[in-house]
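Enquirer:
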Amino acid sequence: MPGPIYRCMYQVRYGDTMSGIAWRLGTDAWTLARFNGIYNLNWIYAGQWLRIPKCYL
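Structure (structure tokens):
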């Protein structure tokens, strides 16, 4: 079972989009991007780790 830190993180996979990831996590793309310091929704890459906003509220 993943440890607590991995429940609050998402590793981007090849073919993922910010909006697709956000939809699966129950948030919107801009909230997810801003929370991770990303200012262009196209600037994500496979292997990148994203913090999930709902875990930190």
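No gaps in the numbering here: position 36 of the sequence shown is 51 in the numbering used here, and each next residue is one more. Yeah, the Cβ is synthetic: ideal placement off N, Cα and C, and Gly gets one too.
How many Å lie between residue 47 and residue 62 at the Cα?
Expert: Taking the straight line joining both Cα atoms gives about 16 Å.
Enquirer: Spell out the partners DSSP gives residue 24 in its beta bridges.
Expert: DSSP, once it has assigned bridges, lists 66 as partnering residue 24.
Enquirer: Starting from the Cα of residue 55, find the closest Cα among 68, 26, 28, 34 and give me that residue.
Expert: When only C-alpha atoms are compared, the closest one is 34.
Enquirer: Rounded to the nearest angstrom, what separates residue 50 and residue 41 at their Cα positions?
Expert: Rounded to whole angstroms, residue 50 to residue 41 spans 14 Å at the Cα level.
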